[in-house]
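K.L.:
Chains as they are written, first to last, in full-length UniProt numbering: chain A, 1 to 260; chain B, 1 to 343.
(1) Rounded to the nearest angstrom, what separates residue 88 of chain A and residue 39 of chain B at their Cα positions?
(2) May I ask which residues mark the beginning and end of the alpha helix (DSSP H) holding residue 305 of chain B?
(3) Contact between the segment 231-251 of chain B and the segment 157-175 of chain B is defined here as three or more beta-carbon pairs at a separation below 8 angstroms; is this criterion met?
(4) Assuming residue 56 of chain A contacts residue 111 of chain A (C-beta within less than 8 angstroms), just tell me the rounded distance between them.
(5) Does any residue of chain B bring its CB to less than 8 angstroms from the CB of residue 53 of chain A?
(6) Give the list of continuous alpha helix (DSSP H) stretches no shorter than 4 residues that lie fully inside the segment 58-143 of chain B.
(7) Tell me the residue span of the beta strand (DSSP E) that contains residue 126 of chain A.
(8) Could I get the ranges of all uninterrupted beta strand (DSSP E) runs contained in the segment 165-239 of chain A, with 3 residues as the minimum, in chain order?
(9) Looking only at its own chain, which residues have a Cβ that is under 8 angstroms from the Cβ of residue 117 of chain A, when we skip the five neighbours before and after it?
(10) Taking Cβ-Cβ distances below 7 angstroms as the criterion, which residues of the segment 13-24 of chain A are in contact with chain B?
(11) Taking only three categories from DSSP, how would you classify residue 281 of chain B?
(12) Do residue 218 of chain B and residue 95 of chain B count as a contact pair if the criterion is CB distance below 8 angstroms?
(13) By Cβ distance below 8 angstroms, which residues in the same chain neighbour residue 111 of chain B in space, the five residues on each side in sequence not counted?
(14) Throw me the rounded Cβ distance for the residue 15 of chain B and residue 192 of chain B pair, which I believe falls under 8 angstroms.
(15) For the segment 223-255 of chain B, enumerate the residues whose C-beta is nearer than 7 angstroms to any C-beta of chain A, in chain order.
(16) Answer with buried or exposed for residue 329 of chain B, where buried requires no fewer than 16 other C-beta atoms within 10 angstroms of its C-beta.
(17) Looking only at DSSP bridge pairs, what is residue 68 of chain A linked to?
(18) Looking at the ligand NAP, does it come within less than 7 angstroms of residue 68 of chain B, judged from the CB to the closest heavy atom?
(19) Please list, in chain order, all residues of the same chain as residue 156 of chain A whose beta carbon is under 7 angstroms from its beta carbon, the five residues on each side excluded.
(20) What is the DSSP secondary structure of residue 182 of chain B, reduced to helix, strand or coil?
(21) Less than 8 angstroms separating the beta-carbons of residue 147 of chain A and residue 3 of chain A?
(22) Between the segment 39-62 of chain B and chain A, which residues of the former have CB atoms less than 8 angstroms from a CB of the latter, in chain order?
(23) Against chain A, with Cβ distances strictly below 8 angstroms, would residue 105 of chain B count as a contact?
(24) Is the segment 304-321 of chain B touching the segment 4-21 of chain B, taking contact as three or more C-beta pairs under 8 angstroms?
(25) Kindly indicate which residue of A:14, A:8, A:15 and A:53 has the alpha-carbon position closest to the one of residue 195 of chain B.
(26) Once the 5 residues before and after residue 33 of chain B are set aside, which same chain residues still bring their CB inside 6 angstroms of it?
(27) Our contact map puts residue 35 of chain A next to residue 63 of chain A with C-beta atoms below 8 angstroms; I'd like the distance itself, whole angstroms only.
(28) Could you check if residue 19 of chain A is buried or exposed, using at least 16 other CB atoms within 10 Å of its CB as the buried criterion?
(29) So, with DSSP's three-state summary, where would you put residue 25 of chain B?
(30) Give the list of continuous beta strand (DSSP E) stretches no shorter than 3 residues that lie fully inside the segment 147-221 of chain B.
(31) Could you give the C-beta distance for residue 294 of chain B and residue 176 of chain B, rounded to a whole number, given that I count them as a contact under 8 angstroms?
(32) For residue 316 of chain B, I'd like the list of residues in its chain whose CB is within less than 8 angstroms of its CB, leaving aside the five on either flank, ordered along the chain.
(33) Among A:201, A:135 and A:12, whose alpha-carbon lies nearest the alpha-carbon of residue 217 of chain A?
(34) With DSSP run on the structure shown, which of helix, strand or coil describes residue 327 of chain B?
(35) Mind checking residue 222 of chain A: buried by the 16 CB within 10 Å criterion, or exposed?
(36) Determine the burial state of residue 65 of chain B: buried for a count of at least 16 other Cβ atoms within 10 Å of its Cβ, exposed for fewer.
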């Protein structure tokens with residue numbers, strides 16, 4: 001699996017906000033076996049040296065950092081934040097969030113496409129946080145994105161996959177673009193469902209960080225994501241309306257007695 | 001035994017109190033002539049809420065908290081055991097359920113009970129959690145009170161004294177040095193980091209509250225603590241950086257929106273003060289006693305200064321003097337780890 005030029009094996013991307021302590025965050029990241037961690041820049045950074053201690057925790061994980069523009073509400077804000085991120089983390093990667101509405105934290109897809117275009121032209125490799133809208137997805141790809149990150153449900157809501165039909169269509173439309181469900185995941189079963197749809201990875205934060213035992217929950221999600229991936233790769237059976245016996249009925253003695 | 005304590009925040013003063021109790025000669029060295037805004041303790045909410053804190057803190061904080069509360073109750077006249085009321089706006093009600101599941105010693109309260117506890121919040125919230133055993137006080141009363149008590153006990157305060165790096169590396173003039181410098185001790189304690197916090201003091205004669213109110217918020221523990229003279233302390237953000245130069249617009253908006261959501265009359269309140277500081281914390285956000293030669297550090301109080309300092313000071317004094325001082329009802333076998341090392 002490749003995200004831009006990077007070979008990735010873990011399908012779990014994990015966030016670094018909201019943990020009870022950095023020590024628990026580090027343990028949870030370890031338990032998740034994630035290779036990529038997202039870091040919110042706006043709130044944690046401050047200036048220059050101010051956030052260095054927190055950065056050093058993140059660097060200690062050895063994970064690849066996917067900085068995000070969480071909380072940005074305009075194209076300009078998102079671009080400024082992306083530039084700060086590139087300087088601090090020395091990575092072209094950026095998870096692009098342009099929030100359009102306060103209650104649902106729904107992406108402003110118009111701003112998102114514009115910011116994605118500007119950042120891509122500037123050499124960034126953009127991971128856009130978007131909806132499951134196909135047209136928006138097309139435009140993001142035209143703007144230079146090589147990855148799409150549709151939401152499962154609003155950020156932090158823990159509602160799971162709100163629009164399975166939409167997510168399935170998106171997968172069918174873009175068979176060769178890495179697709180990551182980002183946001184709205186509450187339970188491991190939600191993550192399994194996303195992976196069973198053929199999604200390439202799952203990104204989450206709150207469901208682990210705010211669990212009573214974040215480390216245990218990180219393990220639960222790691223297992224779920226792996227399970228969903230293997231299920232998809234194993235090509236599951238189709239549903240059917242009638243029972244289908246798993247042993248050959250014809251060979252049983254008296255199988256036809258009712259009709260005798 | 002002669003003890004030299006560096007730092008006059010809540011940690012330094014608590015240590016002084018417990019050493020004095022054991023007839024030690026105590027000198028407290030401080031860069032300020034405080035208690036004042038130069039120490040983190042000045043900006044604290046002053047909530048003694050071990051049960052509410054259990055929502056996200058380690059069990060150790062609860063144990064230390066119960067022990068410290070015994071100390072504060074005996075010690076300060078401003079201690080008010082009126083409990084804590086936890087409420088949520090309708091959009092955050094699922095969080096209230098989770099908060100209840102993760103904590104103990106609460107009673108569910110409905111609209112009419114909320115109205116009895118806090119008449120001004122009648123009709124504003126339909127459900128809440130009430131923690132009757134919790135208490136609060138005003139740190140800006142308690143700190144001077146503690147300092148005066150110590151002065152009367154013969155503790156010497158060497159104020160406005162900045163120690164150089166060389167001074168801090170030189171052996172203490174006393175038998176033992178207790179380093180309680182908070183975040184300033186980053187030069188000696190590698191793992192110590194600052195967690196930025198912002199608070200606002202507002203004044204309103206239109207709203208009366210008797211106890212701290214926590215308004216659940218998806219990211220930060222928001223609370224409003226009533227103080228004397230119609231003052232209310234609104235706190236507190238938790239941001240992983242050490243920049244103490246000023247509060248951000250976003251944080252101020254968030255804190256004031258919380259006050260406004262609690263009661264619209266806060267919209268007319270006067271802003272008295274916007275405070276910023278950084279809490280000293282170790283990676284696990286738990287306090288530590290660290291001994292290096294004849295210096296012992298007590299640090300990493302994070303957001304639990306008043307809740308943890310007396311109980312940790314007692315443990316520190318026992319470790320330095322090498323004997324158990326007294327037994328208290330909450331003395332647990334489960335003491336915080338003592339790490340040792342040399343300079």
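From the three backbone atoms N, C-alpha and C, an ideal C-beta is built for every residue, glycine too.
P.N.:
Walking through what the data contain:
(1) The count along the first chain starts at 1 and reaches residue 88 of chain A at position 88. The count along the second chain starts at 1 and reaches residue 39 of chain B at position 39. If I take the Cα positions, the gap works out to 30 angstroms.
(2) As a first step, residue 305 of chain B is located in the second chain; it is residue number 305 there, counting from the start. 305-321 is the extent of the alpha helix (DSSP H) around residue 305 of chain B.
(3) Under the 8 angstroms Cβ criterion, the segment 231-251 of chain B does not count as touching the segment 157-175 of chain B, having fewer than three qualifying pairs.
(4) Reading the first chain from its first residue, position 56 is the one you call residue 56 of chain A. Reading the first chain from its first residue, position 111 is the one you call residue 111 of chain A. Contact doesn't hold; Cβ gap of about 33 angstroms is too wide.
(5) Counting from one through the first chain, the residue named residue 53 of chain A turns up at place 53. So, interface residue.
(6) The segment 58-143 of chain B contains these whole alpha helix (DSSP H) runs: 59-75, 93-102 and 111-117.
(7) Here residue 126 of chain A refers to the residue found at position 126 of the first chain. Note, residue 126 of chain A: beta strand (DSSP E), 125-130.
(8) Here the runs fully enclosed are 180-182 and 201-204.
(9) Position 117 of the first chain, counting from 1, holds the residue named residue 117 of chain A. Closer than 8 angstroms at the Cβ level, and outside the excluded window around residue 117 of chain A, lie 143 and 144.
(10) Listed by position along the chain: 18, 20, 21, 22 and 23.
(11) Counting from one through the second chain, the residue named residue 281 of chain B turns up at place 281. Reduced to three states, the DSSP call for residue 281 of chain B is strand.
(12) Taking the second chain and counting its residues from 1, one reaches residue 95 of chain B at position 95. Taking the second chain and counting its residues from 1, one reaches residue 218 of chain B at position 218. Between residue 95 of chain B and residue 218 of chain B, the C-beta spacing is below 8 angstroms.
(13) Here the question's residue 111 of chain B lines up with position 111 in the second chain. Around residue 111 of chain B: 122, 123, 125, 126 and 127.
(14) Indexing the second chain from 1 puts residue 15 of chain B at position 15. Indexing the second chain from 1 puts residue 192 of chain B at position 192. Not really, about 17 angstroms apart at Cβ, beyond 8 angstroms.
(15) For the segment 223-255 of chain B, the residues whose beta carbon sits under 7 angstroms from a beta carbon of chain A are, in order, 239, 240, 241, 242 and 243.
(16) Here residue 329 of chain B corresponds to residue number 329 of the second chain, with the count starting at 1. Note that residue 329 of chain B has pLDDT 32, beneath the 50 cutoff, so the model's placement of it is unreliable and the number below is only indicative. By the neighbour-count rule (16 or more Cβ atoms within 10 Å), residue 329 of chain B is not buried but exposed.
(17) Along the first chain, read from residue 1 onward, the residue named residue 68 of chain A stands at position 68. According to DSSP, residue 68 of chain A bridges with A:40 and A:95.
(18) In the structure on display, the ligand NAP does not appear, and there are no ligands present to speak of.
(19) Here residue 156 of chain A is taken as the residue at index 156 of the first chain, counted from 1. Once the five neighbours on either side are set aside, the close Cβ partners of residue 156 of chain A are 206.
(20) As a working mapping, residue 182 of chain B is identified with position 182 in the second chain. Residue 182 of chain B falls in the helix class under three-state DSSP.
(21) As a working note, residue 147 of chain A is residue 147 in the first chain. As a working note, residue 3 of chain A is residue 3 in the first chain. Between residue 147 of chain A and residue 3 of chain A, the CB-CB gap stays under 8 angstroms.
(22) So the close ones are 56, 57 and 58.
(23) In the second chain, residue 105 of chain B corresponds to position 105, counting from 1. Closer than 8 angstroms: no.
(24) Contact between the segment 304-321 of chain B and the segment 4-21 of chain B is present, with at least three C-beta pairs closer than 8 angstroms.
(25) As a working mapping, residue 195 of chain B is identified with position 195 in the second chain. Of the candidates A:14, A:8, A:15 and A:53, the one whose C-alpha sits nearest the C-alpha of residue 195 of chain B is A:53.
(26) Walking along the second chain from the start, residue 33 of chain B turns up at place 33. Correct list, in chain order: 159 and 160.
(27) The residue you call residue 35 of chain A lines up with position 35 of the first chain. The residue you call residue 63 of chain A lines up with position 63 of the first chain. Going by Cβ atoms, the distance from residue 35 of chain A to residue 63 of chain A rounds to 6 angstroms, so yes, they are a contact pair.
(28) Within the first chain, the letter at position 19 stands for residue 19 of chain A. Buried, because 16 or more other Cβ atoms sit within 10 Å of the Cβ of residue 19 of chain A.
(29) Position 25 of the second chain, counted from the first residue, corresponds to residue 25 of chain B. In the displayed model, residue 25 of chain B falls within a strand according to three-state DSSP.
(30) Here the runs fully enclosed are 156-158, 176-179, 193-203 and 213-215.
(31) Position 294 of the second chain holds residue 294 of chain B. Position 176 of the second chain holds residue 176 of chain B. That pair is a contact at about 5 angstroms.
(32) In the second chain, residue 316 of chain B corresponds to position 316, counting from 1. Counting only Cβ-Cβ distances below 8 angstroms, and skipping sequence neighbours, we find 15, 18, 178, 289, 296 and 298.
(33) As a first step, residue 217 of chain A is located in the first chain; it is residue number 217 there, counting from the start. Closest option to residue 217 of chain A, judged by alpha-carbon separation, among A:201, A:135 and A:12: A:12.
(34) The residue labelled residue 327 of chain B in the question sits at position 327 within the second chain. With a pLDDT of only 44 at residue 327 of chain B, under 50, the local geometry of the prediction cannot be trusted, and no value is derived from it.
(35) Here residue 222 of chain A refers to the residue found at position 222 of the first chain. Per the 10 Å Cβ criterion, buried.
(36) As a first step, residue 65 of chain B is located in the second chain; it is residue number 65 there, counting from the start. Under this definition residue 65 of chain B is a buried residue.
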